Amino acid sequence: MTTPVADFLRAYAASGTVRLHMPGHKGRGPLGCEHWDLTEISGADSLYEAAGIIAKSEENAAALFGSAATFYSTEGSTHCIKAMLFLALQNRPAGTPPVILAARNVHRAFVHAAALLDFEPVWLWPEEGTNSLCACPITAEGLEKNLASLPAPPAAVYVTSPDYLGNTADVSALAEVCHAHKTPLLVDNAHGAYLRFLAPSRHPLDQGADLTCDSAHKTLPVLTGGAYLHVAKTAPAAFLENVRPALALFGSTSPSYLTLASLDLCNRCLSEEYPARLEEAVRRLEALGKSLSAQGWRTEPSDPLRLTLRAPAGLTGLDLADRLRRGGGECEYADRDFLVLMTTPENGPEDLARVSAALGENRAPAAPAVFLPPARGKRLRSIREALFAPQETVPVEESLGRVCGGPTVSCPPAVPIAVSGERIGKEALALFRYYGVKLVAVLKD
């Protein structure tokens, strides 16, 4: 597969052209990659008006993902989430309110988008007991009831799949319900770009999603910030026509050409050896999971490139992360209950052997499940009003009854405990304590 962006950067770097343009390093510097770091000079195309090498590279990506069109971002899925929501709201039926029906385990980028676009979410709450802030299992039956209960159709239904623990939604069933209600389905697939290259594909595009964002950098060989916004072949035509303006509305006018080049080169990787390497990586991780289970560890169901361990009695996921660190490894995420390891085909057998050696044998009994209900705070202000209002930061113990200002959560997992504009109640207070949150942004009295 061709690599037009990378080819242009290589040729320009080799040309010896005097760089009388940005960036200021002029192709020289201590990192060693500055010669590939360009701006929108002649021939380099322009991300939000792409008609040359970037457009060709995006066409290559679309062919690989089976989309009507795929668009690049160098600012991660955070950028794409805002653009997806803008498109849904812009193209909602005339006379309907700006409402998004969303599973509650959204990334905080969704909350920021609600403030910028001035829409109100209607939350889909978990339909079964969960002991993690990250999870929000939704069934097709539950979605049907929620859609039927609304006075007017929402601009879109929005779900996160996979979530931070690796739980995946039944996107096919959810899409069928959405489309029966003539409502588009948007999927934050930030953690699942690789799902397209399993056999068979498990990517949301192939399961009926209308718009999907992938953080390519999370699971594919792409530099940090590289992401895709995919438009399905069955999506409304207006989505396809307006994606670039939507991305331009929220993106920097100085996208990273280093990241664009890595997205471009990833196309060749995906078109050649990647599926076979992915299959092998999945088998290796499955074997590690079975081995750890035999050593007394409890593994949780998750997507194929993630290993999620539940901490046993007397230990936390943070303790397991420290143990792994002492053995020369670093996890993706840990909290009181879980340790999450993300792998890719770039993690060879020696990496997984180190994980096994670092964790060793577990002799502790399973910890009892702790079920903490999500915080259903009463909304007193809109998200937009709250995020733009004067705020102050107070200790968690002083936040009870106050109105949440900014969504207070660490990244990862970036899933808000309380959402801007909600009154902080006892449920939120319990979750703040459980997840070690010490300070909360609230509106000034």
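Just so you know, the working numbering puts 196 at position 15 of the sequence shown, and the rest follows in order with no gaps.
We put the beta carbon where it would ideally sit given N, CA and C, even for glycine.
Since we're looking at a predicted model, the values are computed, not measured.
Buried or exposed: where does residue i fall if 16 or more other Cβ atoms within 10 Å of its Cβ makes it buried?
i, result
"R487", "buried"
"E239", "buried"
"E467", "exposed"
"R289", "buried"
"P485", "buried"
"R464", "exposed"
"H372", "buried"
"F552", "exposed"
"H206", "exposed"
"A329", "exposed"
"P482", "exposed"
"K471", "exposed"
"P302", "buried"
"R383", "buried"
"P343", "buried"
"A567", "buried"
"A232", "exposed"
"A492", "buried"
"A599", "buried"
Determine, using beta carbons only, whether residue i and residue j come nearer to each other than 7 Å.
i, j, result
"Y514", "Y345", "yes"
"P381", "N370", "no"
"L190", "A408", "no"
"F420", "L268", "yes"
"A494", "A545", "yes"
"P335", "I281", "yes"
"R614", "K559", "no"
"P555", "V292", "no"
"L624", "A570", "yes"
"D626", "L439", "no"
"L490", "L533", "no"
"S563", "G602", "yes"
"V596", "N286", "yes"
"T184", "D445", "yes"
"R449", "M265", "no"
"A250", "A243", "yes"
"E325", "V358", "yes"
"P228", "P436", "It should be pointed out that residue 228 corresponds to Leu in this sequence rather than to Pro. For L228 and P436, yes; Cβs fall inside 7 Å."
"L376", "C447", "no"
"G582", "Q572", "no"
"A547", "R479", "yes"
"H637", "F246", "Summary: the structure shown does not reach residue 637, with the chain confined to residues 182 through 626, and so no result is reported for it."
"A296", "R565", "yes"
"G323", "E309", "no"
Taking the alpha-carbon positions, what's the residue i to residue j distance?
i, j, result
"L520", "V590", "18 Å"
"A284", "T220", "39 Å"
"R535", "E511", "11 Å"
"M203", "E215", "12 Å"
"P549", "G477", "15 Å"
"E461", "E230", "39 Å"
"D518", "T497", "6 Å"
"A192", "G347", "41 Å"
"R209", "T198", "13 Å"
"E454", "A195", "28 Å"
"G432", "E542", "47 Å"
"G406", "R273", "29 Å"
"T320", "H360", "15 Å"
"R200", "N528", "38 Å"
"A374", "V403", "11 Å"
"G508", "T525", "20 Å"
"S248", "T415", "9 Å"
"V186", "A350", "35 Å"
"Y616", "L499", "11 Å"
"E422", "S580", "45 Å"
"L612", "L561", "20 Å"
"D188", "I222", "15 Å"
"E608", "S313", "14 Å"
"A356", "T341", "13 Å"
Rounded to the nearest angstrom, how far is the Cβ of residue i from that of residue j, given a contact under 8 Å?
i, j, result
"V577", "L610", "7 Å"
"A413", "A390", "6 Å"
"Q388", "V352", "4 Å"
"F378", "P456", "5 Å"
"L305", "C317", "7 Å"
"P594", "C315", "5 Å"
"A333", "P278", "6 Å"
"A538", "T574", "Contact doesn't hold; Cβ gap of about 42 Å is too wide."
*Any contact of the segment 356–365 with the segment 502–510, i.e. 3+ C-beta pairs under 8 Å?*
no
_Contact between the segment 242–261 and the segment 391–404 (3+ Cβ pairs under 8 Å)_ = yes
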